[in-house]
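Structure first, commentary second.
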């Protein structure tokens with residue numbers, strides 16, 4: 043168990059991909075600290091893995107003081123432990139308005155959550171990273187490279203974190219900190235039942251699962267990827283490589 047006794051920080055660790063990351067790292071024996079606006083899943087996780095293995099912080103990653111408190115309280119909760127892994131996962135969901143018309147403040151908020159927060163959390167963690175080396179994995183999206191109508195803020199934030207990834211990789215290289223990103227495609231986080239047409243849009247014949255993203259994050263966090271930094275790994279079942287025309291696989295362009 044390579045992650046046993048490692049200290050892992052996760053943003054947005056209470057639901058969706060973040061929750062699966064939290065649970066999976068705990069299962070591997072890591073100490074996990076996560077921040078989320080809702081931490082109602084922490085009680086169940088603590089009951090399953092023990093209160094000494096998990097720390098949950100209720101906060102908003104777009105708030106500078108919340109991030110500062112998250113790091114300082116994590117240090118208090120796990121004294122004398124260096125930070126080994128950071129996963130910047132937090133993002134607002136589509137249901138919260140990402141794909142609809144939004145104003146200046148909402149657009150800015152999405153950029154703060156998706157791009158500014160990963161930078162600032164990295165800055166706060168820098169003095170506490172393990173001297174033996176550490177790994178940062180940013181959760182981006184295939185929306186950084188392709189789009190659909192009315193998702194400008196989301197696409198901009200995810201494109202920003204991809205660029206931030208290689209910039210940080212260069213800046214942190216002398217500190218033995220590797221920085222990579224994972225760009226998920228269509229990932230089922232709610233128990234969705236895909237149609238045949240949904241599956242056919244993917245070269246592997248299915249939509250993705252949260253475990254698919256966990257596997258990619260585990261790889262980039264492990265010694266198996268020690269020669270990889272500054273890279274973005276697309277995990278989308280080949281969906282972004284297949285050209286689909288009007289009328290194919292149930293897809294129709296609205297005119």
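Residue numbers (my numbering): 43 to 297. We treat Cβ as the ideally placed atom computed from N, Cα and C, and that holds for glycine.
Residue 64 (DSSP reduced to helix, strand or coil)
When secondary structure is reduced to three states using DSSP, residue 64 falls in the helix class.
Per the contact definition of three or more C-beta pairs closer than 8 Å, is the segment 243-261 in contact with the segment 191-205?
Taking 8 Å as the limit for Cβ pairs, the verdict is that the segment 243-261 does not touch the segment 191-205.
DSSP three-state label for residue 138, please.
Bear in mind that the predicted position of residue 138 carries a pLDDT of just 46, short of 50, making it unreliable; the figure below should be weighed with that in mind. Three-state result, residue 138: helix.
Starting from residue 213, follow the alpha helix (DSSP H) in both directions and report where the run begins and ends.
Where residue 213 is concerned, the enclosing alpha helix (DSSP H) starts and stops at 194-213.
Any idea if residue 48 is buried or exposed, counting beta-carbon neighbours within 10 angstroms, 16 or more meaning buried?
The residue in question, residue 48, is buried, as its Cβ has 16 or more Cβ neighbours within 10 Å.
Go ahead and pull the three-state DSSP assignment for residue 184.
For residue 184, the three-state secondary structure derived from DSSP is helix.
Of the residues 209, 263, 151, the one placed nearest residue 72, counting alpha carbons only:
With distances taken between Cα atoms, residue 72 lies closest to 263.
Alpha-carbon to alpha-carbon, residue 150 and residue 132:
Going by the C-alpha atoms only, they are around 15 Å apart.
What are the boundary residues of the alpha helix (DSSP H) that residue 164 is part of?
Residue 164 -> alpha helix (DSSP H) spans 159-167.
When DSSP labels each residue in this structure, what does residue 278 get in the three-state scheme?
Look at residue 278 here: in three-state DSSP terms it is coil, with no helix or strand label.
Under 9 Å between C-beta atoms of residue 116 and residue 97
Result yes, Cβ atoms of residue 116 and residue 97 sit closer than 9 Å.
Chain-order list of residues whose beta-carbon lies under 8 Å from that of residue 109 (same chain, five-residue window excluded)
The beta carbon of residue 109 lies closer than 8 Å to those of 77, 101, 103, 159, 162, 163, 166 in the same chain, with the five residues before and after it left out.
Give the straight-line distance between the Cα atoms of residue 239 and residue 259, rounded to the nearest whole angstrom.
So the alpha carbons of these two residues sit roughly 28 Å apart.
Are the Cβ atoms of residue 226 and residue 52 separated by less than 9 Å?
Contact: no.
For residue 146 and residue 255, the rounded distance between their alpha carbons
So the two alpha carbons sit approximately 31 Å from each other.
If you draw a straight line from the C-alpha of residue 69 to the C-alpha of residue 283, how long is it?
Their backbone Cα atoms lie some 34 Å apart in a straight line.
Taking the runs of the alpha helix (DSSP H) that are 4 residues or longer, which of them lie wholly in the segment 224-264?
Counting only runs of 4 or more, we get 238-242, 252-263.
If the criterion is Cβ atoms closer than 9 Å, does the pair residue 89 and residue 56 meet it?
Inclusion of residue 89 and residue 56 in the CB contact set at 9 Å is not warranted, their separation being larger than that value.
Measuring only the C-alpha atoms, how far is residue 138 from residue 156?
The predicted position of residue 138 is uncertain, since its pLDDT is 46 and thus under 50; no value can be drawn from it.
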